[in-house]
Amino acid sequence: MASAHAQAFDTPWDEMDFEDLLEGAGIFGFVARDEDPAGVLVCRTVAGEAEILTVGVAPWARRRGVGLALMVAAIGVAREAGAGEMFLEVDVANAGAVALYERLGFARAGLRKAYYDRGANGRADALVMRLDLTTRPD
8 MASAHAQAFD
18 TPWDEMDFED
28 LLEGAGIFGF
38 VARDEDPAGV
48 LVCRTVAGEA
58 EILTVGVAPW
68 ARRRGVGLAL
78 MVAAIGVARE
88 AGAGEMFLEV
98 DVANAGAVAL
108 YERLGFARAG
118 LRKAYYDRGA
128 NGRADALVMR
138 LDLTTRPD
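Under our numbering, the first residue of the sequence shown carries the number 8, and numbering increases by one thereafter.
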């Protein structure tokens with residue numbers, strides 16, 4: 008998971024981060040692979056809710072359906088676990104990801120100001136998005 012995360016993010020989580028996280032109750036994750044790790048997703052379900060903790064796709068694998076496949080898998084597992092809604096945060100500047108989430112049925116639910124630390128580039132806002140898992144798209 009850490010190697011897939013490192014390909015997708017400038018400040019990736021390390022192996023220990025993933026080991027610690029995956030020991031928690033209600034945590035599940037996926038790694039999409041081609042010859043190399045193409046994408047990663049980690050989600051938590053608790054108290055009838057699911058939260059995408061991280062999802063990322065390597066630059067070389069973007070716009071190939073990897074993110075969609077990861078999200079569809081997570082939505083299915085969250086529904087099976089009894090979650091009624093799913094939440095995630097996404098950088099407001101990540102238009103491709105926002106479009107994907109909206110295509111999956113997520114709605115904008117809020118804004119977290121200065122949520123992401125971009126180091127020398129300052130901070131970036133995050134959209135909070137929500138998906139109702141009790142209904143299924145047509």
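No residue lacks a Cβ here, since even glycine has one placed at the ideal position from N, Cα and C.
| Where does M23 fall in DSSP's three states? | Position 16 of the sequence shown, counted from the start, is the residue given in the question as residue 23. M23 falls in the helix class under three-state DSSP.
| query | Candidates A131, H12, G129 and F113: which alpha carbon is nearest M23's? | reply | Start at 1 with the first residue of the sequence shown, and residue 23 comes out as number 16. Closest by alpha carbon: H12.
| query | Going straight from the alpha carbon of W20 to that of G46, what length do you get? | reply | Within the sequence shown, numbered from 1, the residue matching residue 20 stands at position 13. Within the sequence shown, numbered from 1, the residue matching residue 46 stands at position 39. Whole-angstrom Cα-Cα distance: 13 Å.
| said: Do V53 and M8 count as a contact pair if the criterion is CB distance below 8 Å? | reply: In the sequence shown, the residue the question calls residue 8 occupies position 1. In the sequence shown, the residue the question calls residue 53 occupies position 46. No. Outside cutoff.
| message | Taking 8 Å as the limit between beta carbons, can you name the residues of its chain near G91, skipping five residues before and five after? | response | In the sequence shown, counting from the first residue as 1, residue 91 sits at position 84. Excluding positions up to five away in sequence, the list reads G55, E56, D139, L140 and T141.
| query | Measuring CB to CB, does A65 end up less than 8 Å from A15? | reply | Counting from 1 along the sequence shown, the entry for residue 65 is found at position 58. Counting from 1 along the sequence shown, the entry for residue 15 is found at position 8. In this structure, A15 lies closer than 8 Å to A65 by Cβ.
| query | Do R110 and A121 have their CB atoms nearer than 8 Å? | reply | Numbered from its first residue, the sequence shown carries residue 110 at position 103. Numbered from its first residue, the sequence shown carries residue 121 at position 114. Result no, Cβ atoms of R110 and A121 do not sit closer than 8 Å.
| message | Taking the alpha carbon of R143 as the reference point, which residue from G83, V73 and G36 has its own alpha carbon closest? | response | One-based indexing of the sequence shown puts residue 143 at position 136. Closest by alpha carbon: G83.
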